[in-house]
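Asks: Quick one: the structure is below, and I'll ask about it shortly.
There are 4 protein chains.
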Amino acid sequence: MDDLNLVMKKSGNDRTYINVGDACFGRDLVLMAGPCSIESYQQAETVALAVRRAGAHILRGGAFKPRTSPYSFQGLGQEGLEILKAAGKTAGLPVITEVVDVRDMELVCRYADIIQIGARNMQNFPLLKEAGRCGRPVLLKRSMYATLWEYLNCAEYILLEGNKELILCERGIRTFETYTRNTLDLSIVPALKELTHLPVVVDPSHGTGRASLVEPMSLAAVAAGADGLLIEVHNDPSSALSDRSQQLTSDEFASLSAKVQKARIFFSSI
Amino acid sequence: MDDLNLVMKKSGNDRTYINVGDACFGRDLVLMAGPCSIESYQQAETVALAVRRAGAHILRGGAFKPRTSPYSFQGLGQEGLEILKAAGKTAGLPVITEVVDVRDMELVCRYADIIQIGARNMQNFPLLKEAGRCGRPVLLKRSMYATLWEYLNCAEYILLEGNKELILCERGIRTFETYTRNTLDLSIVPALKELTHLPVVVDPSHGTGRASLVEPMSLAAVAAGADGLLIEVHNDPSSALSDRSQQLTSDEFASLSAKVQKARIFFSSI
Amino acid sequence: MDDLNLVMKKSGNDRTYINVGDACFGRDLVLMAGPCSIESYQQAETVALAVRRAGAHILRGGAFKPRTSPYSFQGLGQEGLEILKAAGKTAGLPVITEVVDVRDMELVCRYADIIQIGARNMQNFPLLKEAGRCGRPVLLKRSMYATLWEYLNCAEYILLEGNKELILCERGIRTFETYTRNTLDLSIVPALKELTHLPVVVDPSHGTGRASLVEPMSLAAVAAGADGLLIEVHNDPSSALSDRSQQLTSDEFASLSAKVQKARIFFSSI
Amino acid sequence: MDDLNLVMKKSGNDRTYINVGDACFGRDLVLMAGPCSIESYQQAETVALAVRRAGAHILRGGAFKPRTSPYSFQGLGQEGLEILKAAGKTAGLPVITEVVDVRDMELVCRYADIIQIGARNMQNFPLLKEAGRCGRPVLLKRSMYATLWEYLNCAEYILLEGNKELILCERGIRTFETYTRNTLDLSIVPALKELTHLPVVVDPSHGTGRASLVEPMSLAAVAAGADGLLIEVHNDPSSALSDRSQQLTSDEFASLSAKVQKARIFFSSI
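The listed protein sequences correspond, in order, to chains A, B, C and D.
For the first sequence, the numbering used here puts the final residue at 319, and the numbers step up evenly by one.
For the second sequence, the numbering used here puts the final residue at 319, and the numbers step up evenly by one.
For the third sequence, the numbering used here puts the final residue at 319, and the numbers step up evenly by one.
For the fourth sequence, the numbering used here puts the final residue at 319, and the numbers step up evenly by one.
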């Protein structure tokens, strides 16, 4: 803990606030929604307009996709970034997207309002250092194998480079359970909020891998104190090029969005 | 799944209701609270009255304790059962307690309103069979290493012996994370409620092992759809003979109790 | 470690020797082989004679089977014990079999030369206490979720009741890896042999769940210092009533047996 | 498996041989030894000469170190590469070292005879692609959270870029067990050798994290069919700048080296 000077709270109510578009991480319940992968402009615009109507604050979408198999769809790359940015602009939404290669950091920063570092790259230290110098807010996902302390050390790497705008994200850890894609470790939300001043969001789409569990686990995340949610939404989940089983339809997201914001208000009142 | 005839839902709204005292599992948010171990009559009565005032429906307390070390306090045995029963009577609360030995089933049934089978005994098949014939409602905890399917098979063992009054309970699984005592797998709550007709409760005390995380995870459990909570409460946690770091004070429990019941009402309304 | 007085070594070369039939645990490489379940006298005798010819010292076979599903074959019970004993007698082999119910301890002790406590019952403390008083050598399997320290505490439970003839057994732990049935944790073999005076054997059949991996992992176990092996052998694995994919044929066992004994001699010489 | 065309065996005896210096992966038991981190020329030369005398074929040493904390020693970088290369030259040994940043691939290739990709970067796909084009043999470590199938997919990424000289390496997976640093999953050695044509080596230093377990687990790895070992050796482990508890002294390595080569000959003969 001596080695976590920057990430740890200095006092009980030490909190970091990060403004992106109209939303403020640390104050609002920030909803980031959109497709797993950007597949075409039409798809991106359709989803962007739908999630905006449903109350999303930020559009998410993958252009550079880390895929288990080299034969799977790897994302549209720079074209995907352009589409994402344009769809966000049409819908009036800032955008978040993942960077997987240090050499693409500058490129991604030209398009993205928030830089996402995915679970597989949580300990990609050169990427963390670049993120610490990139001048954009960064969302750092917890690796599927990381303890709380390892995760906080990765956050420290980014803060140490001078970037104060860091958002933490629980997205499920790997356990023996195979019914869910990962095991969403919601206990880490209140634990992180006790220990650090950083906003903490939750990704129940990857955390469960099952569309029917996304809404209940989103509500549970809010109850546990989450500052935001990252939700996969697709105009037609069954035809998606990645993560079919876990993406919500626009209607399902609209229902979720309304409920989690009500829940946020409820939990602020008790 | 062919082998889970009894445990699986026959239709979407197939639900089992279990009445114990004034509470109904499957309809109410049932709060079971009390000390990890029964240590003395005075302790048990003090806690029983306090949790009753705070809104608990059922008094919990261990008389036969499964302990990692043979040199740890093993519980008061039959004397503990007598104390638990008497303290419950004084407070007007039914009681739940664990049975760890098939040979004690009859004895425990003379005192307990609900029989608890602990995580370490989830696959103690002779004990499951006796529980299936014991004539009392049974609360079966998920083992720290059980998949959802293994857990449901253990439930099937009990139902197959004719006992229809079975309550499931998530209490945390074992993972690589050491910050929390176990990893509370809340995703299994909506998953179990989709699949089975049985009530599902959550034990955030063992699930986290940290008193400060019990309230947020209790709220998260309610948000995820839990039908009840099992909470360790002690008159003086720092002097407890077992599980010191995770037991709540009576005041902390009273705060939790009020909040979770409000949350239950809120979630029923959205 | 203060609480492990009986299980820990008093000095570097403190070792427990346990004689069963012609074999001595702690001195010889003891081979225990036989079917997962006793299915009929003919099956048991066929396998018993085959494994005896191939060099096994002890016949294994399940009469009381702990099965995940209540609808799976549960073993022949007392009839299975009788068959096992008779087949062992015909082949001139002592027998090892599992006890799963404290109420059966006396019965099983009438037939078995070694009492096995299975992985699911490692923390069935009443069963451990009975095993500590049963007057027979006991083989205690490590649970699939047990740390080394938890496992040693369970061994301490048995020694504390007065039984000095205890054999430890690694049989694989549960991890995220699904290619193998469990993850055989061979590092625990030299770790246990550094810490305790007890013999340590390995069960590569359950540890891997794949017949083709049993021989290489048996050799690895010997290299790591194991005092014996527990191997599932069936006259016709494809028709077995349980654990088909991991049982060896008699010929495969004969090959394994010859190689591991050569390996034992080799490792004693370097 | 359809997606693993390059990594899978075409026939039972399909094997890849990789020559580095005097050693041939796939034919010899190749010993790679040296310090965790390169700390100074003197340290590197001392260890290099010692491991050479003891029978090592290749010198290992870290110049770019992926460290959990940003405040830990991060390696000497290019200076470390120069020292490693010079020490290898003095001792007559080829060298292996880790690359952690795609931008350093060319630099590292100027010094290293084998490029190592560490466990934390197993799914750093840009790094895998560069490794596939780097023109050097690559040693790809299995991540602490990777299933066999995920690991093979990462190997496929490298082969698909045209590099045929790939060595696999088991170095322990993350489980609940904390006695050892990781859980060395030796079963994956015979599993990988059944499935793929690639050489498979084992790193028992990281796999166990305890010096006293390195020799028995090295012997076990050879028994399981490993094609080589990666061993941390330090001139003075107690003063090492990283991984103190798991580095062997030169004398311990000399003992290990002699035994594993005898074991290799023994296992080739049975």
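Quick reminder that beta carbons are idealized off the backbone N, C-alpha and C, glycines included.
Source: prediction; values computed, not measured.
Got a sec, what are the start and stop residues for the beta strand (DSSP E) Met81 (chain D) sits in?
Replies: Val79 to Gly83 is the span of the beta strand (DSSP E), which, as asked, contains Met81 (chain D).
Asks: What does a CB cutoff of less than 6 angstroms around Ala72 (chain C) pick up in its chain, not counting 5 residues either side in sequence?
Replies: Excluding sequence neighbours, Ala72 (chain C) sits near Val79 and His106.
Asks: When you compare the CB of Asn170 (chain C) with every CB in chain B, is at least one pair closer than 9 angstroms?
Replies: Cβ-Cβ to chain B under 9 angstroms: yes for Asn170 (chain C).
Asks: For Gly129 (chain B) and Asp285 (chain B), what's the separation of their Cα atoms in angstroms?
Replies: In a straight line, the C-alpha of Gly129 (chain B) is about 18 angstroms away from that of Asp285 (chain B).
Asks: Look up Lys331 (chain C) in the DSSP assignment and give the residues it is bridged to.
Replies: This structure leaves residue 331 (chain C) out entirely; chain C is present only between 50 and 319.
Asks: Starting from Gly277 (chain B), trace the beta strand (DSSP E) in both directions and tell me its first and last residue.
Replies: Looking at the DSSP string, the run of the beta strand (DSSP E) that includes Gly277 (chain B) is Gly277 to Glu281.
Asks: Pull up the distance between the alpha-carbon of Cys183 (chain C) and that of Met154 (chain C), whole angstroms please.
Replies: Rounded to whole angstroms, Cys183 (chain C) to Met154 (chain C) spans 7 angstroms at the Cα level.
Asks: Decide if Gln295 (chain D) is buried, meaning its Cβ has at least 16 other Cβ atoms within 10 Å, or exposed.
Replies: Buried, because 16 or more other Cβ atoms sit within 10 Å of the Cβ of Gln295 (chain D).
Asks: Mind listing the chain C neighbours of Glu243 (chain D)? Cutoff is C-beta to C-beta under 7 angstroms, in chain order.
Replies: Near Glu243 (chain D) (Cβ distances below 7 angstroms), the residues of chain C are Ser261.
Asks: Which residues of chain D have a Cβ atom closer than 7 angstroms to the Cβ of Arg230 (chain B), listed in chain order?
Replies: Going along chain D, no residue has its Cβ under 7 angstroms from Arg230 (chain B), so there is no contact; the nearest lies around 12 angstroms.
Asks: Could you give the distance in angstroms between the alpha-carbon of Ile145 (chain B) and the alpha-carbon of Ser318 (chain A)?
Replies: Their Cα atoms are separated by approximately 33 angstroms.
Asks: Interface residues of chain A around Arg223 (chain C) at Cβ under 8 angstroms?
Replies: The contacting residues are Phe225.
Asks: In terms of residues, what are the limits of the alpha helix (DSSP H) holding Asn202 (chain B)?
Replies: It spans Leu197 to Leu209 - the alpha helix (DSSP H) in which Asn202 (chain B) sits, taken as one unbroken run.
Asks: Can you name the start and end residues of the beta strand (DSSP E) that Val151 (chain C) belongs to?
Replies: From DSSP, Val151 (chain C) is part of no beta strand (DSSP E); its letter is neither H nor E.
Asks: If you reduce the DSSP assignment to three classes, tell me which class Met57 (chain D) lands in.
Replies: In the structure shown, Met57 (chain D) sits in a strand (DSSP, three-state: E or B).
Asks: Tyr194 (chain A) versus chain D: which residues are under 8 angstroms apart at the beta carbon?
Replies: The answer, in chain order, is Ser192, Met193, Tyr194 and Arg223.
Asks: For Ile132 (chain D), report the span of its alpha helix (DSSP H) as first-last.
Replies: Per DSSP, Ile132 (chain D) belongs to the alpha helix (DSSP H) from Gln127 to Ala140.
Asks: Thr139 (chain D): which of D:Ala97, D:Tyr120, D:Ser86 and D:Glu210 sits nearest, CA to CA?
Replies: Of D:Ala97, D:Tyr120, D:Ser86 and D:Glu210, the residue nearest in Cα terms is D:Ala97.
Asks: Given this structure, state the Cα-to-Cα distance separating Leu125 (chain C) from Glu94 (chain C), to the nearest angstrom.
Replies: The straight-line gap from Cα to Cα measures roughly 15 angstroms.
Asks: Taking the C-alpha atoms as reference points, what is the distance between Ala135 (chain A) and Gln165 (chain A)?
Replies: Each residue's Cα considered, the two are about 18 angstroms apart.
Asks: Taking beta-carbon pairs under 9 angstroms, can you tell me which members of the region 252-279 of chain C lie near chain D?
Replies: Against chain D - using a Cβ distance shorter than 9 angstroms - the residues of the region 252-279 of chain C are Pro253, Gly256, Thr257, Arg259, Ser261, Leu262, Glu264, Pro265, Met266, Ser267, Leu268, Ala269, Ala270, Val271, Ala272, Ala273 and Gly274.
Asks: Taking the alpha-carbon of Arg313 (chain C) as reference, which of C:Phe302, C:Glu301, C:His283 and C:Ser267 has the nearest alpha-carbon?
Replies: It is C:Ser267 whose Cα lies nearest to the Cα of Arg313 (chain C).
Asks: Candidates A:Gln127, A:Asn54, A:Asn62 and A:Val251: which alpha carbon is nearest Leu188 (chain A)'s?
Replies: Taking only the C-alpha atoms, the option nearest Leu188 (chain A) is A:Val251.
Asks: Exposed or buried, what is Tyr66 (chain A) when buried is set at 16 or more other beta-carbons lying within 10 Å of its beta-carbon?
Replies: The residue is exposed, with fewer than 16 neighbouring Cβ atoms inside 10 Å.
Asks: What does a CB cutoff of less than 7 angstroms around Leu290 (chain A) pick up in its chain, not counting 5 residues either side in sequence?
Replies: Cβ within range, chain order: Ser86, Glu88 and Phe122.
Asks: Identify the contact partners of Tyr200 (chain D) in chain A, using a Cβ-Cβ distance below 9 angstroms as the criterion.
Replies: By Cβ distance, chain A contributes nothing, its closest Cβ being about 10 angstroms from Tyr200 (chain D), past 9 angstroms.
Asks: For the region 99-119 of chain C, enumerate the residues whose C-beta is nearer than 8 angstroms to any C-beta of chain B, in chain order.
Replies: So the close ones are Pro115, Arg116, Thr117, Ser118 and Pro119.
Asks: Would you check if there are 3 or more beta carbon pairs closer than 8 angstroms linking the region 104-120 of chain A to the region 194-214 of chain D?
Replies: As far as the Cβ criterion goes, the region 104-120 of chain A touches the region 194-214 of chain D, which means the pair count is three or higher.
Asks: Can you name, in chain order, every residue of its own chain whose Cβ lies under 8 angstroms from the Cβ of Asn231 (chain C), other than the five neighbours on each side?
Replies: Answer for Asn231 (chain C): Met193, Arg220, Gly221, Ile222, Arg223, Thr224, His255, Gly256, Thr257 and Gly258, listed in chain order.
Asks: Please classify Gly111 (chain B): does DSSP put it in a helix, a strand, or coil?
Replies: Three-state DSSP puts Gly111 (chain B) in a strand.
Asks: So which residues on chain C does Pro239 (chain D) lean against when the C-beta distance must stay under 8 angstroms?
Replies: What Pro239 (chain D) touches in chain C: Ser261, Leu262, Pro265 and Met266.
Asks: Could you tell me which chain D residues have their CB closer than 7 angstroms to the CB of Tyr160 (chain A), listed as they occur along the chain?
Replies: Within 7 angstroms Cβ-Cβ: nothing; Tyr160 (chain A) doesn't reach chain D, min ~18 angstroms.
Asks: Between which two residues does the beta strand (DSSP E) holding Gln165 (chain A) run?
Replies: Ile163 to Ile166 is the extent of the beta strand (DSSP E) around Gln165 (chain A).
Asks: According to the neighbour-count rule (16 or more other Cβ atoms, all chains shown, within 10 Å of its Cβ), is Met50 (chain D) buried or exposed?
Replies: Here Met50 (chain D) scores only 49 on pLDDT, less than 50, and its place in the model is too uncertain to base an answer on.
Asks: Can you give me, in chain order, the residues of the region 135-162 of chain A that have a beta carbon less than 8 angstroms from any beta carbon in chain D?
Replies: For the region 135-162 of chain A, which is checked against every Cβ of chain D, the residues closer than 8 angstroms are Val149, Asp150, Val151 and Arg152.
Asks: Please compile the residues from chain B whose C-beta is within a distance smaller than 7 angstroms of the C-beta of Asn52 (chain C).
Replies: Before going further, note that residue 52 (chain C) is Asp rather than Asn in the sequence given. Ordered by position in chain B, the residues that pass the 7 angstroms Cβ test against Asp52 (chain C) are Ser118 and Tyr120.
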